[in-house]
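S.K.:
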Amino acid sequence: MEKKLLALVNNEPEVLIRITELLRRKGIKIKNISMNQIENTNWASLTIVFFLENEHKMMNIYYSIKKMENVIQLEKIKNEEIQNQFQFLEKAIL
Numbered sequence: 163m164e165k166k167l168l169a170l171v172n173n174e175p176e177v178l179i180r181i182t183e184l185l186r187r188k189g190i191k192i193k194n195i196s197m198n199q200i201e202n203t204n205w206a207s208l209t210i211v212f213f214l215e216n217e218h219k220m221m222n223i224y225y226s227i228k229k230m231e232n233v234i235q236l237e238k239i240k241n242e243e244i245q246n247q248f249q250f251l252e253k254a255i256l
């Protein structure tokens, strides 16, 4: 099943490396990963799409990423919630 995470992170190169390394160690097949700087800030939005059947493993990955030092906020998103990504970012910034 396709899973999606949206994170607000510090815009630093090692953040992306740490997260992709975590997913690689867990044997997760990444479908898409996108990191975009948020204007006039040192933050970036990071969207990760991957395949995973086990909900327990999903929660393990979620909490592993959430506790990373440079992750400010993390949310699981559904297909229909993709349009609301910017609301998530606005809440985090304010």
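Offset between the sequence shown (1-based) and my numbering: plus 162.
Don't be surprised by glycine CBs; every beta carbon is placed ideally from N, CA and C.
Small disclaimer: the values here were computed from a predicted structure and weren't measured.
Use the C-beta contact count for I179: other C-beta atoms within 10 angstroms, 16 or more gives buried, fewer gives exposed.
M.R.: So I179 counts as exposed.
S.K.: Only counting the same chain, and skipping five residues up and downstream in sequence, which positions put a Cβ closer than 7 Å to that of N194?
M.R.: V211
S.K.: Is it the case that the Cβ atoms of N204 and N172 are separated by a distance below 8 Å?
M.R.: Yes. Within cutoff.
S.K.: To test your reading of the DSSP string, which unbroken alpha helix (DSSP H) runs of 4 or more residues are found completely within the stretch 214 to 241?
M.R.: 217 to 228
S.K.: Short check: CB of L167 to CB of Q235, under 8 Å?
M.R.: no
S.K.: With the cut-off set at 8 Å, would you say L214 and M220 are in Cβ contact?
M.R.: yes
S.K.: For the putative contact between T209 and S226, defined by C-beta atoms under 8 Å, what is the C-beta separation to the nearest angstrom?
M.R.: Their Cβ separation, rounded to whole angstroms, is 17 Å, which puts T209 and S226 out of contact at 8 Å.
S.K.: I need the straight-line Cα distance from H218 to Y224, nearest angstrom please.
M.R.: 10 Å
S.K.: Residue range of the beta strand (DSSP E) that I200 falls in?
M.R.: First-last for I200: undefined, no H or E at that position.
S.K.: Excluding five sequence neighbours on each side, which residues of the same chain lie with their C-beta closer than 8 Å to the C-beta of L185?
M.R.: I192, I210, F212, I223
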